[in-house]
Amino acid sequence: MTDTPQVLFKNRRPGETAFLAEYQRSGGYEGLRKAVKMTPAEVRETVKESGLRGRGGAGFPTGLKWTFFPADQLGEKYLVCNGDEMEPGTYKDRELLLADPHQLIEGMLVAAYALQTPVAYVFIRYAYERCAQNLERAIAEARQAGFLGRDILGSGFACEIFVHRSAGRYICGEETALLNALEGLRANPRSKPPFPAVRGLFGKPTTVNNVETLANVQHIIAHGADWFRGLARTESGAGTKLYGLSGHLNQTPCLEAPIGITLRELIQEHGGGVWQGRKMKACLPGGASTPFMTAGQLDVPMDFDTIEKAGSRFGTGGVTVFDETTCMVEATLNLNNFFARESCGWCTPCRDGLPFVSWLLRQIETGKATMDDLQTLRDQLRNITGTSFCALAQGAVGPIESLLRLFGDEVEDHIKRGRCPLKS
Amino acid sequence: MVNLTIDGKQVTVSKAATIYEAALEAGIHIPVLCYAKKLLPYGACRVCLVEVEQMKGRLIPSCTTPVTQGMVVTTTSAEINKVRKTVLEFLLVNHVVECPVCDKGGECDLQDLTFEHEVYPNRFTGEKFALPTDEVNPLIERNMNRCVLCGKCARVCDEIVAFGSYSFINRGFESKIATAFDRGLNCEFCGQCVSMCPVGAILPRPFKFKARPWQLKEVDSVCGYCGNGCTVTLGVLKDKVETIRFNDKTGVNDGNLCIRGRFGYSYVNSEDRLTKPLVRKDGKLVQTDWKEALDTVVSGFAKARAEKGVGIVTGARLTNEELFLLKNLAKAMGTGNLDHSGGESYKGVTEGLFETLGVTASTATFPQVEECDTILSIRSDFYETHPVFGMVVNQAVKRHDAHLIVIADKRGKFGKLPHAETLLAKPGLEVNILNAMAQSLLADGLAITDGVEGVVELQAALADYTPELVAAQTGVPAAAIRAAAQQLAKAKKSAILLAYGLPYTAHSRELGIAAANLAILTGIPGREGSGLYLCGEKANSQGAIDLQIVPGKEALDSQSMFQAAAAGTLSALYIVGEDPLTSYPDRKKIETALDKVPFLVVQDIFLSPTAQQADVVLPAASFAEKDGTFTNAERRLQRVRQGIPLPGEAKTDYAIFELLAGRFGKQVSFTGPEAVFSQIAASTPGYGGIEYGAIGPQGVVWGGDLLAVKRRKVVAVAGGKPVETPYQLITGSSLYHNGTVSTRATGPLAVIPSPFVELGREDASTLQVKEGDLLTLRANGVEIKLAAKIDTRMPKGVLFAPYHFSSAGLNRIFTGQAAVPVEVSK
Amino acid sequence: MFKAFAKGLSITFKHMLPGHSVTVQYPHVKLKPSDRFRGLHRLVPAHDREKCVACYLCPTVCPAKCITVESAENAKGEKYPRIYEIDMLRCIFCGYCVEACPVEALEMTGAYELANYRRSDFVFTKERLLK
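So this is what it looks like as structure tokens:
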């Protein structure tokens, strides 16, 4: 079952955390040692060649993101690690930080070296207290060992890493809102342009990367771009991915598997199949903001492009499975309630539009809706998509849009029968 | 410049413009709710969405997206209109639609947009907000049920006022604008939020239910309070000024106003206004007609002229035209004893700047300060005397990262700005610090000395003012003085700000010279973008200086006039628009003078304490009742326009001076302010070529944006000596008041209703006083009692009391010193 | 020919019979105008006050400029018309005021007997309009 190479989870033991000694035994800080002997431009080039794509949900190529960053420019610059993992159904970063915090520290140091940022922040979710403590201990150990601080490994490069505990809001996961929160402001997204690479934290150039993304960086440097590309099962993909299973499954582990593994393999082999012998009805392939996929799409390889082609998004790799007894309207309503509550309240379509969509879904679920309401809902999705300030509303609309597309009959059934057909 | 196409129209705009601004320039209307010209782009309301050919697939917010070359923009289409309509429907779902009782009705952006997009009926239904309203304070009323969450109030309060009273709280659907801990508003009450609110969520309470916007006659004029010269638009209903309307199209203030400008107009409508001339008969002032009053005045002055002479003291709230006529009248009466504003206070300009630079005005204009790298503000009171210029400084600091240095004897609002540094000195030692800065520049070779006269002499004279010596005197670290000097020297664009006025009579000439020395040594005069600003306390302080309302040769200045009157060597005093008994230093002296002088005429709008002593009181006009021009502290000539008729039989100062001049045999036959102004333009240096009719909405700056200085001569001046008593009292202006007239205006009085003395926590605990306790201050054998106000901005041993209130009797112990040594007890 | 003549006259004489007259013996007999007749205005009362909220729409829309409203704040903090007057000498009974009213506080009654002896009596104050 675990014949796939373990990169990020190789030091993972149940209930234990690998700290410096163990981390170094398994080749820890080799990536950093190698990186500081290269020029920053070479490091960036290697990451670009590796085809690493952001693991936080949007899947933007990390190497490309780094080319926008004025790494050679003098002055204050920041690297920020986005550890505000609040997407429902996603818990991979927690597992990573519980198992092996040094990976993130090393990854950040390599990234900081590549981008020449003297200061880096880890913005971590308020609920991940143990992860934050792990990180703080790892930072202390790394400093003791000379991996962190002034003159890292004799390279002359200096970098400090600070851990910042978030006050806890879904919107903090949006990179510009995260920067605002980090500055001590209200966590509202900022308008782009200017992009963070131009004007980010404290008005200085900033790059924001996900925990898992950064944890991959030093492995790429240590083993090379080709090795990293070879880890994936698809042509275009690169590396392995942490998948967090949840929902109506027999087992819900968080595991590391190559990019390009099929949904079927994940669900059948790793998840032990749908629980209580039922059939799968749908799944969210990458967290709550990705459109549903159906049982008919189980053979789609888990990669950014392939899933996009299948009408959804790869997202964070947090797979949530729904069995055949689930009412999809109710499930969607539940998801949308979350997004409506977590909207920052900045722009009108999201702040006022999402609660209204929730209201419509509730009408449908309780059988009070009419066909006109359904039309209004369709209309609203179009109005909210592409008009809101940041991607939160867009993400919220994803599942609803797929609900109407994939389970249109079920929705209409609600309206025609005047009640939820799945509940007696 | 960038070329783009908007709705098929070719537009060329600057690279920094947004799509919305480009459309505005092309005359294409894009609806907006959260956009405001003077605020940073925000993009929250999503009403201004447009389509851009190059970014197909989603709609682009036009107010935040910068233009790019070749952009093709469509501002209206069925799709866009639908989205806009939906946004409005969303906003209206929970917006309490109570337009009939909402004072914004008629000028409400949401109402207009709802009408424009025919949002009726609303497809959505939902619960209406039922939030409590904030009606605790008498000036600003907040009803968050009407809020559309555009954030303009929070933004203007933060970006421009730098107070930060508001913020969003809660998230999602429950987001709302609130103050800290969601309590009642407690702020500067400048009402900037009122002016920015696009709906009726934040409204001026004094105007509550008074009128509909379309009923108001709008009259563009200039605020009558301080020398900042903000344009105000009077909202006139039935011959009463009911409100001040928002107007960001005229003047230098971008629609920004302080509490005085926005809420301080009400004295104009006061019941206490003088409506008839008063003449003293049998020891009592009785109402009379103009004929008798003028007869009494003329015979009184004629008699006095024959005896020991007449003295004329005026305030600086008269228009240029009136001051000109007053000067003519003085000539007609054959007296050279003519002065304004207490004489002493403006000497920084008339003597200080004249000796060093050869000019008698600020060298640059206010908007230039926004781009400055370094700003030196002398006295933290600057924000309090000139709040709207202070807002320009805020923007320079917040938007352009300007370095702000404050030399002050107490902490103030400027000191709280990012990167601002306060050099907190013992009272009365500002000159010493300026000298030390000049000394350090000269010693370190950082000073610009090319073409500067008197450098060697100055260097020699400043030997006693090394930063170290001054540090020991003032308590400001030498390193900080040096750093400040270096900061000023290396700045490419810099500004030095200094306010003057009645409460700041001490060292006024010295401060002017010391500031000018520093300006010369750092190359400020004549440099693009840099300026030395000496800002007068009153609306036309600069005009009074330009028109030379100063004593003639061998004539008495105002202090000497009162001295002479007290000594019995002056036979009559003519006091126009001034209340010396309240506002001039040394009340004892003024009292004696008013008591002793045989004939006293006071021309004012209220029966001030001074007027109560008069033999004849002539009722005059406020700024809202007259036409003419004011010259503000940056030399900008602006039109004052009559909005309301005069109360009762009151006459404008213009008319009174004309009548009196006629009676003194100098019949002047001007057809109006315009004719007078052409005389002023012909006879006043700098005013040449300016036509009354050509003074447009932005005014005319005489001498240009950058005033050419006549010379650059540094002059040595001696600094002050520290007061060594445990407690010392300083006076000055309070943010909410200006002069004495604001104590008749309900707006400022709502915030500061009575006199007070401010002291630090440390002193308060030593003296065991609580907020509001009566403190006894004793100096020169006189005792006054003031209510204590305790906060953190006063250093130990320093007390501050504003000078505006007559009842305080502050000038019984304040006789013109920088700091009054006082004994304090409970 | 005579037949036709008699027929015509019979109609004339028929109208002379009692009960066929269209003349109304005003003021002893009064006509009731139609429901849509636009007569004297009436301010509609609510529980303890007038329904009018002094929104100023009626004086704004009035083409004859005969309505005077002055709003104020009552003890409960509500907006109410401190003064509400209609000068009936200037009113043209167009009914725009009723149409403009957002709160249906103003209506037009069937009262058409508005003659009076003094000009001042034609100015209907709030109290009179509330009756």
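If you read the sequences in order, they're chains A, B and C. Start counting at 1 in the first sequence, then tack on 5, and there's your number in the numbering used here. Start counting at 1 in the second sequence, then tack on 1056, and there's your number in the numbering used here. Start counting at 1 in the third sequence, then tack on 1156, and there's your number in the numbering used here. Glycine included, each C-beta is placed from N, C-alpha and C at the ideal position.
- For Phe1438 of chain B, the enclosing alpha helix (DSSP H) covers residues Phe1438 to Thr1441.
- Under DSSP, Ala1600 of chain B takes part in no beta bridge, so it has no partner.
- Ranked by Cα distance from Phe1679 of chain B, the first of B:Leu1663, B:Arg1697, B:Thr1666 and B:Phe1662 is B:Arg1697.
- Annotation note: the region 1195 to 1242 of chain C contains the following uninterrupted alpha helix (DSSP H) runs of length 4 or greater, listed N- to C-terminal: 1213 to 1217.
- For Gly278 of chain A, same chain residues with a beta-carbon under 6 Å away, outside a window of 5 residues either side, are Asn255 in chain order.
- Burial of Val1532 of chain B is indicated by the presence of at least 16 other C-beta atoms within 10 angstroms of its C-beta.
- In this structure, the beta-carbon distance from Thr1430 of chain B to Ala1458 of chain B falls below 8 Å.
- The region 1207 to 1226 of chain B and the region 1178 to 1190 of chain B do not touch, with fewer than 3 CB-CB distances between them shorter than 8 Å.
- Rounded to the nearest angstrom, the gap between the Cα atoms of Arg17 of chain A and Gly62 of chain A is 23 Å.
- Between the alpha carbons of Glu1327 of chain B and Val1797 of chain B lies a gap of roughly 14 Å.
- Annotation for Lys1282 of chain C: Tyr1240 place their beta carbon closer than 6 Å to its own, counting only its chain and skipping 5 residues before and after.
- For Pro1258 of chain C, the nearest beta carbon of chain B is closer than 8 Å to its own beta carbon.
- Taken through DSSP and simplified to helix, strand or coil, Phe73 of chain A comes out as coil.
- A Cβ of chain C is located within less than 8 Å of the beta carbon of Arg1268 of chain B.
- Shown in chain order are the members of the region 1223 to 1246 of chain C whose Cβ falls below 8 Å from a Cβ of chain B: Ser1227, Ala1228, Glu1229, Gly1233, Glu1234 and Lys1235.
- Residue contact with chain B for Val1209 of chain C: present (Cβ-Cβ distance below 8 Å to some residue of chain B).
- For Tyr1630 of chain B, the three-state secondary structure derived from DSSP is strand.
- Check the Cα spacing between Val115 of chain A and each of A:Asn388, A:Ala40 and A:Met285: the tightest is with A:Ala40.
- In the three-state scheme derived from DSSP, where H, G and I count as helix and E and B as strand, Asn1178 of chain B is classed as coil.
- For a Cβ distance threshold of 9 Å, nothing in chain B lies close to Cys86 of chain A: the least Cβ distance comes to about 24 Å.
- Secondary structure note for Gly1161 of chain B: it is in no alpha helix (DSSP H), with a DSSP letter that is neither H nor E.
- DSSP assignment within the region 1381 to 1432 of chain B yields the following whole beta strand (DSSP E) runs of 3 residues or more, N-terminal first: 1394 to 1396.
- As DSSP reads the structure, Val1771 of chain B sits in no beta bridge.
- Lys1769 of chain B counts as buried, since no fewer than 16 other beta carbons sit within 10 angstroms of its beta carbon.
- Annotation: Gly1853 of chain B has no Cβ neighbours in chain C at a cutoff of 8 Å; minimum Cβ distance is about 47 Å.
- Ranking A:Leu187, A:Glu370 and A:Ser348 by CA distance to the CA of Val402 of chain A puts A:Ser348 first.
- Annotation: the continuous beta strand (DSSP E) that includes Ile1786 of chain B extends over Gln1784 to Gly1788.
- Taking a 10 Å sphere around the C-beta of Tyr1630 of chain B, we find 16 or more other C-beta atoms and assign the residue as buried.
- Per DSSP, reduced to three states, the secondary structure at Gln1542 of chain B is helical.
- Contact annotation for Tyr1273 of chain C against chain B: no contact, minimum CB-CB distance about 30 Å [criterion: below 8 Å].
- In the three-state scheme derived from DSSP, where H, G and I count as helix and E and B as strand, Thr1685 of chain B is classed as strand.
- Under the DSSP assignment, Ala1857 of chain B falls outside any alpha helix (DSSP H), being part of the beta strand (DSSP E) whose first and last residues are Val1854 to Pro1858.
- Taken in chain order, the complete beta strand (DSSP E) segments of 3 or more residues contained in the region 1335 to 1388 of chain B are 1340 to 1343 and 1366 to 1370.
- Residue contact with chain A for Phe1229 of chain B: present (Cβ-Cβ distance below 8 Å to some residue of chain A).
- For Ala1078 of chain B, there are no C-beta contacts with chain A under 8 Å, since the nearest C-beta of that chain is about 16 Å from it.
- Closer than 8 Å at the C-beta level to chain C, one finds these residues of the region 1146 to 1177 of chain B: Cys1155, Pro1156, Val1157 and Gly1161.
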